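Using mature numbering (1 follows the signal peptide of the UniProt record, and there is no 0), the letters of the sequence shown correspond one by one to residues -24 to -1, 1 to 420.
Note that the Cβ used here is the ideal one computed from N, Cα and C, for glycine as well.
This structure is a prediction, so every number in the text was calculated from the model and none was measured.
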Amino acid sequence: MMRKGMIRKAAAFAMAGCLTAGLAGCSGGSQSGSGAVADQSQAAGETGNTAEKTKITFWAPFSGGDGDVMTAMVDEFNEQSADIEVEFMIFKGEEYYTKLLAAMTSDSAPTVAVNHITRVKEYVTDDLLEPLDELAEAQQVDWTDFTQKLQVASMVDGVHYCMPIDTHLLLMHYNVDEFKNMGLLADDSTVVVPKGEEAFFEFFENVKAQLDGGKMAISGTSANGLPMYLWSTLLAQYGGSICDETGKTATLNTEENKRALSTMMRMVDTGIWPKNQKNGGELFTGRIAAATINGDWAIPTFSGTEGLNFVSMPFPQIGEKEGVYADSHTLVIPKSDSVTDKERESAMIFMKWITDHTAKWASVGHIPSRQTVIDSEEFKSLPYIPQYAKAAQNASFFPQVCGVAGMTEVVQRELTSMVAGEQDVETTAANMQEQFQKILDSYN
């Protein structure tokens, strides 16, 4: 029998697929990122004689560099562990959550699974996840070591149901050579954009004016995920939110949201961020754009581009507040009648080990979830990433509400139309308000 809400959820997930903010950092697509998605499930960690080991399964939607690094981490865990053997399965990003949901509702879920933090509330509401506090206490997990924003976002009604392994967020990436030639590179080879809306536009108008013909100040894919990440960042910086504190009332036909939308359109209309960009990452690696708006997941692509000298920085503060779009890959233990207490204990041991070693995971661009890892010499010695690690302090996650996958689809559709010039700010804000309210109403 399906648990509460499963029929409704299954329909929503089939419609939205992996459109949620979790697309960032776990699958390919129109933006530069972690590379091509594997054609089929991949297994890792089948090493040695495992007859006396507790076997657990681990599912994830990672691809390209993300998948390679996590596979290596699982292999390392299996080599070190005398008692536990992890079988790691990687699925295509666009099909992952559909498969995971189907497995959960048929009691064939993996022992451990990756779940984006934006989805946790809905899974908890439908009674699909094990609470972790008792298991974590037995393994001496220190929740206070997780970054402050993740400490809050990882709980539902005061209970931990997920263990974050990273924060992944939106950044601004700059071509160092271009900004040096324009006299806009700081002494430490970083780029410092002045705070404030007018200062931001003045800075990039100057960049645009100095560029050779055919080049642009800022690239960023005009459809799908990127406009949503930019909008979410600006909404946070202007002090807005998608809903009120109860999670029952949408708050998008507001001055804060209209300011966020208007700033996006001002970027388009001034030519700072030209519209109709099919792949902003390629415009940056091709030296067409002096800067690009993209996530930390793009760093492996940028660093692998021969001759590209770049620096990645926290997204500029345009509004009155600091804030940036963020999500988190977390580890969860799906509820299952067929999983033993020993397997749950082994799952927690593995999960803690992963968070202990997230300096390795950070090599793909993501910020470790734990402060002790961020402060470690291993992390500080990595290229690119330590420069923007402080941005995790300003992470703006979607509120813990149900229906995020559907909301993401709405945002992407409305923003794509607005950026293309097909509808104005007022219409976009009104449409978002109406459709978000319908989604919230369906869960309340």
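A buried status is given to residue 140, since no fewer than 16 other beta-carbon atoms sit within 10 Å of its beta-carbon. Straight-line measurement puts the Cα of residue 51 at about 27 Å from the Cα of residue 145.
Residue 410: member of the alpha helix (DSSP H) spanning 401 to 419, first to last residue. Scanning the stretch 331 to 355 from its first residue to its last, the whole alpha helix (DSSP H) runs of 4-plus residues come out as 334 to 337, 347 to 350. Residue 253 and residue 201 have their C-alpha atoms some 13 Å from each other.
Counting only runs of at least 4 residues, the stretch 96 to 125 fully encloses the following alpha helix (DSSP H) elements, listed from N- to C-terminal order: 96 to 101, 109 to 114.
The three-state reading of DSSP puts residue 286 in strand, counting E and B together. The three-state secondary structure of residue 158, taken from DSSP, is coil.
The beta carbon of residue 230 lies closer than 7 Å to those of 216 in the same chain, with the five residues before and after it left out. Spanning the alpha carbons of residue 114 and residue 346 requires a straight line of approximately 19 Å.
At a Cβ-Cβ threshold of 7 Å, residue 152 and residue 292 do not count as neighbours.
Residue 143 places its beta carbon 7 Å or farther from that of residue 365. Within the same chain, and ignoring the five residues on either side of residue 334 in sequence, the residues whose Cβ sits closer than 7 Å to its Cβ are 141, 142, 344, 345, 346, 349. Residues 152, 287 of the same chain have their beta carbon placed closer than 7 Å to that of residue 165, with the five preceding and five following residues left out of the count.
Within the stretch 166 to 223, the runs of alpha helix (DSSP H) at least 4 residues long that lie entirely inside it are, in chain order, 173 to 186, 201 to 213.
Uninterrupted beta strand (DSSP E) stretches at least 3 residues long and entirely within the stretch 43 to 84 occur at 60 to 66, given in chain order.
The straight-line gap separating the alpha-carbon atoms of residue 360 and residue 313 is approximately 44 Å. Excluding residues up to 5 positions away in sequence, 401, 405 lie with their Cβ nearer than 6 Å to the Cβ of residue 234 in the same chain. Residue 123 sits buried, since 16 or more C-beta atoms from the chains shown fall within 10 Å of its C-beta.
Distance between residue 28 and residue 58, taken at the CA atoms: about 9 Å. Of the residues assessed, residue 162 falls on the exposed side of the cut-off, its CB having fewer than 16 other CB atoms within 10 angstroms.
A straight-line Cα-Cα distance of about 19 Å links residue 283 and residue 148. In this structure residue 182 is exposed. Its beta-carbon is surrounded by fewer than 16 other beta-carbon atoms within 10 angstroms. Under the 10 Å beta carbon count, residue 97 is surrounded by 16 or more other beta carbons and is classified as buried. In the three-state reduction of the DSSP assignment, residue 276 falls in the helix class. Counted as a single uninterrupted DSSP element, the alpha helix (DSSP H) harbouring residue 236 occupies residues 231 to 245. The shortest CA-to-CA distance from residue 249 to any of 79, 195, 298, 177 is the one to 195.
According to the DSSP assignment, residue 391 belongs to the alpha helix (DSSP H) that extends over 380 to 395.
Between the beta-carbon of residue 395 and that of residue 240 there is about 7 Å, and that keeps the pair under the 8 Å contact cut.
In this structure, the CA atom of residue 84 is about 12 Å from the CA atom of residue 35. When DSSP states are grouped into helix, strand and coil, residue 295 belongs to the coil group. In the structure shown, the three-state DSSP call for residue 310 is strand.
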